[in-house]
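Participant: Numbering (this note's numbering), first residue to last: 11 to 754. Here a beta-carbon is modelled for each residue, glycine too, at the ideal position from N, C-alpha and C. A quick note: this is a predicted structure, and the numbers were derived from the prediction, not measured. What follows is a structure written as structure tokens; I'll ask about it next.
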Amino acid sequence: MERRNYKVLLSVNFNKEINLVDELDRIVEEAYECTRKNDFKSINLCSVEKDKMEILTSISSKKKSNNFMLSSISIFLRRVCKIYDLEYDTEKGYFSIEEFSAVPQDEYWNLFRNGALNIGEILKKNLKNKQMINSESSDNELEENNNRTLENESNSDCDTEKFKKPKRIFPEILTGRGRQGSGFRIEDIEFKTLQDTVIELDSLIGIDETKAKIKEITSFIIRNNERSVDLNIDNPGLYYNVAITGNRGTGKNTITKILYYIYYHLGVIGKGEFIHIDSKDVCPGSSLDRYIGNAQSGVIFIDNAQFISATNKTAPKDNYTTLDEWLSVYKNNFVFILAGETEGTNEVIKNEKVKKHMNFILNIKDFNETETLKLVKNYASKEKYNIDNSSEETILKYVNYLKDKNIFENAYTSKRIIENAIINNGIINNSNCLVNEDFLFEDIKSFESEKADDTEVDSFEELEGLIGLNEVKEKIKEISAYVSAQIKRKELGLKTEHLCLHMNYVGNPGTGKTTVARFMGKILKKIGILNTGKFVEASREDLVGKYVGHTAIKTAEKIKEAEGGVLFIDEAYSLVSESSRDYGYEAINTIVKKMEDLRDNIVIIFAGYPKEMSEFVNMNPGLKDRIQFKLEFIDYKPEELLKIWEKFFKDSEYEIEEDALDEMGRIVEKIYKNRDSNFSNARIMRKCFERIKMAQSVRIMKNNLTEADDIVKINIEDVKRLYEEKDISELQEVVSKRCIGFIQ
11 MERRNYKVLL SVNFNKEINL VDELDRIVEE AYECTRKNDF KSINLCSVEK
61 DKMEILTSIS SKKKSNNFML SSISIFLRRV CKIYDLEYDT EKGYFSIEEF
111 SAVPQDEYWN LFRNGALNIG EILKKNLKNK QMINSESSDN ELEENNNRTL
161 ENESNSDCDT EKFKKPKRIF PEILTGRGRQ GSGFRIEDIE FKTLQDTVIE
211 LDSLIGIDET KAKIKEITSF IIRNNERSVD LNIDNPGLYY NVAITGNRGT
261 GKNTITKILY YIYYHLGVIG KGEFIHIDSK DVCPGSSLDR YIGNAQSGVI
311 FIDNAQFISA TNKTAPKDNY TTLDEWLSVY KNNFVFILAG ETEGTNEVIK
361 NEKVKKHMNF ILNIKDFNET ETLKLVKNYA SKEKYNIDNS SEETILKYVN
411 YLKDKNIFEN AYTSKRIIEN AIINNGIINN SNCLVNEDFL FEDIKSFESE
461 KADDTEVDSF EELEGLIGLN EVKEKIKEIS AYVSAQIKRK ELGLKTEHLC
511 LHMNYVGNPG TGKTTVARFM GKILKKIGIL NTGKFVEASR EDLVGKYVGH
561 TAIKTAEKIK EAEGGVLFID EAYSLVSESS RDYGYEAINT IVKKMEDLRD
611 NIVIIFAGYP KEMSEFVNMN PGLKDRIQFK LEFIDYKPEE LLKIWEKFFK
661 DSEYEIEEDA LDEMGRIVEK IYKNRDSNFS NARIMRKCFE RIKMAQSVRI
711 MKNNLTEADD IVKINIEDVK RLYEEKDISE LQEVVSKRCI GFIQ
């Protein structure tokens, strides 16, 4: 059986003149009684006209028929009939369904909220008309008491005692041993009235949409309270759970605090506490009792909600189940607020176990240039500094640089800008005015250098300049052509494939996997797929934590760092071991999820030995499905290895004599002929390069050579010294004459 929410439009025909609006207060009361007495079915009115009413109902079934729908709400319909002294009889056709449809949970709560406001307005009009019959003075008093909305109160003495508040008696939560409260006491309350709270909300820079949404929530609470008082409803439901999403520094904690004070001043949580819990504590086996102390009501704030999706491989339940239990068990005592970064938290609140409990979603956007500049000036003002107008362009340039790098952190960034400027000012100017030179950031210089490099050097030309790798180069050209074609099709309005460019690089060490991955980011940036093309390298140490939940956090942070570019995971198979309790599996699960969620703005490249990589990819079907391309890096040929060795010297401004080059060619042939499965290709050539440089240095010092020609020359004597190096000579199957202590 499946739980479903329905919207039903009923027409009413009692074969006599009626107006449902006239008896609305009694109809509402009957709907409330039906809901109160049945935990598995709810009835809520959305709108009422003379002979029609629209209701919301939540029932358990997969059936869809008018007869079934009438029977499912028959208890409510019987109660409505009794209001008009009639016996409920389906054959008399008192009720007929004009329209009904299933609605998703988020739409259900929107309809419920709007319906409550609509019904509340009608009830107020009815009550007002009744009062007018008795006296005009009572009408004026009613107008004064009932026309209170948030808009009225923001400009008045917001004495919360003047608001109507329903009686609330919270179910007793038994105290147990080892309970640790983690909130603050009411005596420490920061905003003494609702007006103070609203003033604080209005004073926040930016986030206009969020402010408007909070005011809607506040108005809804005020009107719902009035409705509950007018209908003598005690302990009305706590329909105020909120999920807050936003990137770092958008003010999620501040908004949470404001919501707490709104709930407190409007009687939603009684004299309840504010209890702060980190998402790492939302895990199987964790009890909410130990965090709420002796509190009987309040707000439970779950921070860093983006990490709730992390699961413990060995636990019988997931974190979502734990959160679902908390939200269900404590729904009559606490309002829950979940807050976290946009990307991960959106996934959390889409989960059905969480989604069904969330009544409001607040999506806080990043600050734009104007708002960021205001934040910077605000932080400067708090420190008693002014900002010279000439500095604004430099500040915004830096902000845009951080946004391009995907490392802009809103208010946190704004504060750091001022902190750095104050330090620079103290060193250079020591004045109360921050000028342009105080905002000259070193990373802007490096950013401009990077941009210059991007324009001066073509990534494809750089790739072509690499020695060997012909098959890899051709594969990259194919990938680039495919991506470019899809982009062009999109520009022309044609159907396109959803690009997924994650890759698997396999090959022995020293075959250029890391180098090619760096170029891949630049190439995809140039084509227009990636925002920054940056290259982030990660190992097991960067991704795998030391306790349950820690791994998902570390992995998510590393992926966040790489957004807009390439995340390169070398020796990816090292993430997991044979132990089923290894936290590396948690890292892989997180990576697989992010590969799908972020495929439009990140390329994840796994690399390693061919055999081990094949086993790694095949152990997780989800991972295998998301890797679109496989590039095979074969061992370099002898002539390519010799060119690599020669390039090391040319790049370091050395000159190689002809006979020395010939001798090195013979050594390379022997090394290549005797290679095994662990052959390290270019790394061997670099090792030979370093040894020969050292041999040349010894020769120069021994012969007291000082001329430039002698210092840059590499001769055959220097090359032959490789025969004396044990690790090199073993590769050639040559008996070493002497060992000077180098090891491979």
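Where does residue 102 land, buried or exposed, given buried means 16+ other C-beta within 10 angstroms?
Facilitator: Counting from one through the sequence shown, the residue named residue 102 turns up at place 92. So residue 102 ends up on the exposed side.
Participant: Ignoring anything shorter than 3 residues or poking outside the region 194–257, list the beta strand (DSSP E) runs there in chain order.
Facilitator: Entirely contained in the region 194–257, the beta strand (DSSP E) runs reaching 3 residues are, in chain order, 252–255.
Participant: Is it buried or exposed for residue 528, if we count other Cβ within 10 angstroms and need 16 for buried?
Facilitator: Position 518 of the sequence shown, counting from 1, holds the residue named residue 528. Counting Cβ neighbours within 10 Å, residue 528 comes out buried, since at least 16 surround it.
Participant: For the beta strand (DSSP E) containing residue 698, name the first residue and the last one.
Facilitator: Numbered from 1 along the sequence shown, position 688 holds the residue referred to as residue 698. Premise fails: residue 698 lies in the alpha helix (DSSP H), 692–712, not in any beta strand (DSSP E).
Participant: Got a sec? Which residues, its chain only, sit under 6 Å from residue 556 by beta carbon, not counting five neighbours each side?
Facilitator: Against the sequence shown, residue 556 aligns to sequence position 546. If we look at residue 556 and ignore the five residues flanking it on each side, it has no Cβ neighbours.
Participant: Have a look at residue 57 and residue 32 and give me their C-alpha separation to the nearest angstrom.
Facilitator: Taking the sequence shown and counting its residues from 1, one reaches residue 57 at position 47. Taking the sequence shown and counting its residues from 1, one reaches residue 32 at position 22. Answer to the nearest angstrom: the Cα atoms are 13 Å apart.
Participant: What span of residues does the alpha helix (DSSP H) with residue 672 cover, start to end?
Facilitator: The count along the sequence shown starts at 1 and reaches residue 672 at position 662. That run of the alpha helix (DSSP H) goes 668–683.
Participant: Given this structure, state the Cα-to-Cα distance separating residue 521 from residue 210, to the nearest angstrom.
Facilitator: Residue 521 sits at position 511 when you count from the first residue of the sequence shown. Residue 210 sits at position 200 when you count from the first residue of the sequence shown. The alpha-carbon atoms of residue 521 and residue 210 are separated by roughly 60 Å.
Participant: Looking only at DSSP bridge pairs, what is residue 287 linked to?
Facilitator: As a first step, residue 287 must be located in the sequence shown, where it is residue number 277. 312, per the DSSP bridge assignment.
Participant: Round the Cβ separation of residue 315 and residue 269 to the nearest angstrom and send it over; I've been treating them as touching at under 8 Å.
Facilitator: Stepping through the sequence shown from its first residue, residue 315 is reached at position 305. Stepping through the sequence shown from its first residue, residue 269 is reached at position 259. No, residue 315 and residue 269 are not in contact; Cβ-Cβ is about 15 Å, not under 8 Å.
Participant: Tell me the residue span of the alpha helix (DSSP H) that contains residue 587.
Facilitator: As a first step, residue 587 must be located in the sequence shown, where it is residue number 577. First-last for residue 587: undefined, no H or E at that position.
Participant: May I have the straight-line CA-CA distance separating residue 713 from residue 476, to the nearest angstrom?
Facilitator: By 1-based counting over the sequence shown, the position of residue 713 is 703. By 1-based counting over the sequence shown, the position of residue 476 is 466. Near 37 Å, if we compare the C-alpha coordinates of residue 476 and residue 713.
Participant: Give me, in chain order, the residues of the same chain whose beta-carbon lies closer than 8 Å to that of residue 466; leave out the 5 immediate sequence neighbours on both sides.
Facilitator: By 1-based counting over the sequence shown, the position of residue 466 is 456. The predicted model places residue 466 with a pLDDT of 43, which falls under 50 and marks its position as unreliable; any figure quoted below should be read in that light. Within the same chain, residue 466 has no close Cβ partners at all.
Participant: Between residue 250 and residue 622, what straight-line distance do the alpha-carbon atoms span, to the nearest angstrom?
Facilitator: Indexing the sequence shown from 1 puts residue 250 at position 240. Indexing the sequence shown from 1 puts residue 622 at position 612. Going by the C-alpha atoms only, they are around 52 Å apart.
Participant: Could you tell me which uninterrupted beta strand (DSSP E) segments, each at least 3 residues in length, are contained entirely in the region 455–535, listed from first to last along the chain?
Facilitator: Listed in chain order, the complete beta strand (DSSP E) runs (minimum 3 residues) inside the region 455–535 are 513–517.
Participant: Nearest-angstrom Cα distance between residue 491 and residue 360?
Facilitator: Residue 491 sits at position 481 when you count from the first residue of the sequence shown. Residue 360 sits at position 350 when you count from the first residue of the sequence shown. Their backbone Cα atoms lie some 36 Å apart in a straight line.
Participant: Between 504, 551, 485, 735, which lies nearest to residue 701 when the distance is taken from Cα to Cα?
Facilitator: Here residue 701 corresponds to residue number 691 of the sequence shown, with the count starting at 1. The residue with the shortest Cα to Cα distance from residue 701 is 735.
Participant: Which residues bound the alpha helix (DSSP H) around residue 606?
Facilitator: Looking up residue 606 in the sequence shown gives position 596. Start and end: 594–607.
Participant: Against chain C, with Cβ distances strictly below 7 Å, would residue 15 count as a contact?
Facilitator: Among the protein chains of the structure shown there is no chain C, as only one such chain exists.
Participant: Does DSSP put residue 292 in a helix, in a strand, or in coil?
Facilitator: Here residue 292 corresponds to residue number 282 of the sequence shown, with the count starting at 1. Looking at residue 292 - three-state DSSP - the assignment turns out to be coil, as it is neither helix nor strand.
Participant: Roughly how far, in whole angstroms, is the beta-carbon of residue 38 from the beta-carbon of residue 241, given that I think they are within contact range, below 8 Å?
Facilitator: Working through the sequence shown from its first residue, we reach residue 38 at position 28. Working through the sequence shown from its first residue, we reach residue 241 at position 231. The pair is a contact, with the Cβ atoms about 6 Å apart (cut-off 8 Å).
Participant: Whose C-alpha, out of 703, 117, 34, is nearest the C-alpha of residue 60?
Facilitator: The sequence position of residue 60 within the sequence shown is 50, counting from 1. Nearest C-alpha to residue 60: 34.
Participant: Would you report the Cα separation of residue 67 and residue 114, rounded to the nearest angstrom?
Facilitator: For the purposes of this step, residue 67 is taken as residue 57 along the sequence shown, with counting starting at 1. For the purposes of this step, residue 114 is taken as residue 104 along the sequence shown, with counting starting at 1. Cα to Cα, the separation comes out at about 12 Å.
Participant: Residue 483: which of 226, 611, 526 sits nearest, CA to CA?
Facilitator: Counting from 1 along the sequence shown, the entry for residue 483 is found at position 473. Checking every option, the nearest Cα to that of residue 483 belongs to 526.
Participant: Going by DSSP, name the residue or residues bridged to residue 618.
Facilitator: What you label residue 618 is simply residue 608 of the sequence shown in a count that begins at 1. Its beta-bridge partners are 516.
Participant: Between 539, 692, 664, 694, which lies nearest to residue 718 when the distance is taken from Cα to Cα?
Facilitator: On the sequence shown, residue 718 is found 708 positions in, with the first residue counted as 1. Residue 664 is the option with its Cα nearest to residue 718.
Participant: Residue 593 and residue 586 - do their beta-carbons sit closer together than 7 Å?
Facilitator: Working through the sequence shown from its first residue, we reach residue 586 at position 576. Working through the sequence shown from its first residue, we reach residue 593 at position 583. No; because the gap between Cβ atoms is not below 7 Å, this pair is not in contact.
Participant: Could you say which of 312, 388, 634 lies nearest to residue 422 if we only look at CA atoms?
Facilitator: Here residue 422 refers to the residue found at position 412 when the sequence shown is read from its first residue. Cα-wise, what sits closest to residue 422 is 388.
Participant: Tell me residue 377's beta-bridge partners as DSSP assigns them.
Facilitator: Locating residue 377 in the sequence shown gives position 367, where the first residue counts as 1. Note: residue 377 sits in no beta bridge, so no partner.
Participant: Using only alpha-carbon positions, find the residue among 470, 515, 683, 332 that is nearest to residue 364.
Facilitator: For this step, residue 364 is matched to residue 354 along the sequence shown. Nearest C-alpha to residue 364: 332.
Participant: Can you name the start and end residues of the beta strand (DSSP E) that residue 109 belongs to?
Facilitator: Counted from its first residue, the sequence shown places residue 109 at position 99. First-last of the beta strand (DSSP E) with residue 109: 105–112.
Participant: Just curious, the alpha helix (DSSP H) that residue 353 is in, first and last residue?
Facilitator: Locating residue 353 in the sequence shown gives position 343, counting from the first residue. Segment 352–360, the alpha helix (DSSP H) holding residue 353.
Participant: State yes or no: is the C-beta of residue 576 within less than 7 Å of the C-beta of residue 545?
Facilitator: As a working mapping, residue 576 is identified with position 566 in the sequence shown. As a working mapping, residue 545 is identified with position 535 in the sequence shown. It is a contact, given that the beta carbons lie within the stated cut-off.
Participant: With burial defined as no fewer than 16 other Cβ atoms inside 10 Å of the residue's Cβ, what is the status of residue 267: buried or exposed?
Facilitator: In the sequence shown, counting from the first residue as 1, residue 267 sits at position 257. Per the 10 Å Cβ criterion, buried.
Participant: Just to confirm, are residue 645 and residue 689 a CB contact at a threshold of 7 Å?
Facilitator: What you label residue 645 is simply residue 635 of the sequence shown in a count that begins at 1. What you label residue 689 is simply residue 679 of the sequence shown in a count that begins at 1. In contact: residue 645 and residue 689 (Cβ atoms closer than 7 Å).
Participant: Name the DSSP beta bridge partners of residue 365, please?
Facilitator: Working through the sequence shown from its first residue, we reach residue 365 at position 355. DSSP, once it has assigned bridges, lists no residue as partnering residue 365.
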